[in-house]
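There are 4 protein chains.
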Amino acid sequence: MNAPLPQDPEYAARCRESFGRQKAMKLIGARLVSVEPGHAEIALPYRDDLTQQKGFVHGGILGMIADTACGYAAFSLMPAGCSLVTVEYKMNILSPGRGSLRARGEVVKAGRTLTVARAEVYAEDGTHVATMQQTLMMLAGKTDHPE
Amino acid sequence: MNAPLPQDPEYAARCRESFGRQKAMKLIGARLVSVEPGHAEIALPYRDDLTQQKGFVHGGILGMIADTACGYAAFSLMPAGCSLVTVEYKMNILSPGRGSLRARGEVVKAGRTLTVARAEVYAEDGTHVATMQQTLMMLAGKTDHPE
Amino acid sequence: MNAPLPQDPEYAARCRESFGRQKAMKLIGARLVSVEPGHAEIALPYRDDLTQQKGFVHGGILGMIADTACGYAAFSLMPAGCSLVTVEYKMNILSPGRGSLRARGEVVKAGRTLTVARAEVYAEDGTHVATMQQTLMMLAGKTDHPE
Amino acid sequence: MNAPLPQDPEYAARCRESFGRQKAMKLIGARLVSVEPGHAEIALPYRDDLTQQKGFVHGGILGMIADTACGYAAFSLMPAGCSLVTVEYKMNILSPGRGSLRARGEVVKAGRTLTVARAEVYAEDGTHVATMQQTLMMLAGKTDHPE
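See the structure below:
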């Protein structure tokens, strides 16, 4: 989807503020690098404590950053004052996760209730590490903050 | 799949030793509670730093424990001296993740090369939080340790 | 999910009538064998014209009956006067589809808007052929008939 | 993936001959419109007998053409004398299937054993109807014909 119009002109600040409340992203050291209408990018610097038994970045950690990249790609197109939940996602791991990673999320279709997004995870050397397809649901009038 | 015969009588020790090398599991405080042939259970005590912007356990963290529960359910049926990689997984989030969680992995079909597994994530109050379907591939003769 | 209460006492007649309007099911010779609250079963007698290049039942045909079994399992729990659409599904093929097949759909979680269901496809000799995980969305006040 | 080199110079004839043996494709009236290295396109002219209860093309039929488009995109890159099986696929339905359809399959990653592919289904008016992510496995030395 190319450059859809955001419904909320303050979308970028809203996404960054929401990301800042994600303690799990802080735990793994992930940063929201950029957010544009329908797009978001997350950077994950390599850390030894993110790995699985063979020394690669854990597949679930790949899922965390891909999930979050999809989520903010979708959230950027939502109106202010709503909340977004992940309905489901499916991820293929294409290569072992080595070193620092980037997850690029993109909206495939923004519907009234449901949004479908996709994320690609790349390593610094350009290796395509994982690809995710995700469904999200907008909860109109529900706050993005803890209740 | 009910009580398939393990190929490796030392399967439980092998799974526990492998899980012990997963630094990402240590990071989030997950424990391998039990491992039986074709089954594995992971416990994740609640911690504030595992949450997303609304205060629920992050969907990616749900994925991490479900992924790992599937992985050791499958690994328990593998012969000694092999390695197992996650090919892909798909997870539906059924309810927000509140409090401490358990992920129960189970092998649906153990093939020669590919294994299909499933995991259910439950909260302490019995709420069904998530369900995952996963594909894994055995790498014969490849070590489960860092190369 | 065990024996949830149907909202519509006429659920079975409503499901059978809806299935009867599925021309694609007639094309492949599929029958709705049974429908109970949260459960539905589809039978697909073997036919040579349902096969792929190797002589097995086409993977997409497996998907058709699994998709439809999930759909009527979910539709049985819906109120009268609504419509249901498939949001997404994910299917693993566990064994080649040989001979006549059965798809058994079951609701995993019936939410207000979204329902998650699962289907298992079996061959006559008991072989587990495929397993599907699916998300459906209820469209309240939308007819199940052509508009 | 852009223009990978085919291992088999006769890939197009091999794919077309294999598609021609798919009786299920003939049943629904699907045609293999084009096959290039890592890409395949299937056309499905509209027919009333392909529809579900609301008059749209059945979601399982969308799955059939997307599955097959992924399959021949992958098969085009395989060596002669092998066989390819679908391990699993996941499809999101983005819009109801109206009228004649096209499914475009593309290889995302061609591995030694496993290939990951994607397909997009479009209607004639350009509507994006469905998107699929799929995993396939090569069976070296196994024929693509009935055994």
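Chains as they are written, first to last, in our numbering: chain A, 455 to 601; chain B, 455 to 601; chain C, 455 to 601; chain D, 455 to 601. Glycine included, every Cβ here is placed at the ideal spot set by N, Cα and C. Just so we're clear, the structure is a prediction, and the values are computed from it rather than from any experiment.
By how many angstroms is the C-alpha of residue j removed from the C-alpha of residue i?
| i | j | result |
| --- | --- | --- |
| Gly595(A) | Glu560(A) | 24 Å |
| Ala564(D) | Phe473(D) | 20 Å |
| Gly535(C) | Pro463(C) | 13 Å |
| Ser537(D) | Thr585(B) | 32 Å |
| Val562(B) | Ser488(B) | 18 Å |
| Glu471(B) | Leu568(C) | 40 Å |
| Thr522(A) | Asp598(B) | 29 Å |
| Leu531(C) | Gln461(C) | 6 Å |
| Leu481(B) | Leu516(B) | 14 Å |
| Cys524(B) | Met545(D) | 22 Å |
| Thr589(B) | Ala571(B) | 6 Å |
| Tyr576(C) | Asp502(D) | 29 Å |
| Met468(D) | Val511(D) | The amino acid at residue 468(D) is misidentified as Met; the sequence shows Arg. Whole-angstrom Cα-Cα distance: 29 Å. |
| Glu574(C) | Tyr543(D) | 15 Å |
| Tyr526(A) | Gly580(D) | 27 Å |
| Ala520(D) | Leu486(A) | 34 Å |
| Gly514(B) | Ala478(A) | 9 Å |
| Arg558(A) | Ala494(A) | 6 Å |
| Ala566(D) | Arg566(C) | The sequence given here has Arg at residue 566(D), not Ala. One C-alpha to the other measures close to 44 Å. |
| Pro550(A) | Leu593(A) | 35 Å |
Determine, for residue i, whether the minimum Cβ-Cβ distance to residues of chain C falls below 7 Å.
| i | result |
| --- | --- |
| Thr505(D) | yes |
| Glu578(D) | no |
| Lys563(B) | yes |
| Ile515(D) | yes |
If you follow the alpha helix (DSSP H) that residue i is in, where does it begin and where does it stop?
| i | result |
| --- | --- |
| Arg470(B) | 465-474 |
| Leu486(A) | Where Leu486(A) is concerned, there is no enclosing alpha helix (DSSP H), although the beta strand (DSSP E) it sits in stretches over 485-490. |
| Leu498(C) | From DSSP, Leu498(C) is part of no alpha helix (DSSP H) but of the beta strand (DSSP E) over 493-498. |
| Lys477(A) | 477-482 |
Please name the residue in the options whose C-alpha comes closest to that of residue i.
| i | options | result |
| --- | --- | --- |
| Leu459(A) | Leu481(A), Ala484(A), Gly492(A), Ile482(A) | Gly492(A) |
| Glu578(C) | Arg556(C), Arg572(C), Leu590(C), Thr597(C) | Arg556(C) |
| Val541(A) | Met591(C), Arg475(C), Leu498(C), Phe510(C) | Met591(C) |
| Leu504(B) | Met518(B), Ala494(B), Glu495(B) | Met518(B) |
| Ala497(D) | Ala484(D), Lys508(D), Val539(D) | Ala484(D) |
| Ala528(B) | Glu601(B), Gln587(B), His599(B) | Gln587(B) |
| Arg552(D) | Ala494(C), Glu601(C), Cys469(C) | Glu601(C) |
| Gln507(B) | Gln507(A), Val539(A), Gly509(A), Pro499(A) | Val539(A) |
| Tyr465(C) | Arg558(C), Gly513(C), Pro533(C) | Pro533(C) |
| His582(A) | Arg501(A), Leu548(A), Ala573(A) | Leu548(A) |
| Gly509(D) | Arg558(C), Leu593(C), Gln476(C), Tyr543(C) | Gln476(C) |
| Tyr500(B) | Ser554(B), Ala467(B), Arg468(B), Met479(B) | Ser554(B) |
Could you tell me whether any Cβ in chain B is nearer than 7 Å to the Cβ of residue i?
| i | result |
| --- | --- |
| Lys544(D) | yes |
| Thr589(D) | yes |
| Ala531(C) | Per the sequence shown, residue 531(C) should be read as Leu rather than Ala. No, Leu531(C) does not count as interfacial toward chain B. |
| Leu486(A) | no |
| Leu548(C) | yes |
| Gly535(A) | no |
Any Cβ of chain A within less than 7 Å of the Cβ of residue i?
| i | result |
| --- | --- |
| Asp521(B) | yes |
| Lys508(D) | no |
| Thr569(B) | no |
| His493(B) | no |
| Met518(B) | yes |
| Leu459(B) | no |
Counting only C-beta atoms, is residue i closer than 7 Å to chain D at any point?
| i | result |
| --- | --- |
| Ala478(C) | yes |
| Cys581(A) | Per the sequence shown, the amino acid found at residue 581(A) is Thr instead of Cys. No - not a single Cβ of chain D is within 7 Å of the one on Thr581(A). |
| Thr540(A) | no |
| Ser472(C) | yes |
| Arg556(C) | no |
| Asp598(C) | yes |
Return yes when at least one heavy atom of the ligand GTP lies under 6 Å from the C-beta of residue i, else no.
| i | result |
| --- | --- |
| Thr589(B) | Looking for the ligand GTP in the displayed structure turns up nothing, as the structure carries no ligands at all. |
Q) Which runs of the beta strand (DSSP E) spanning at least 3 residues fall entirely within the segment 506-583 of chain C, listed in chain order? A) Correct list: 537-547, 555-564, 568-577.
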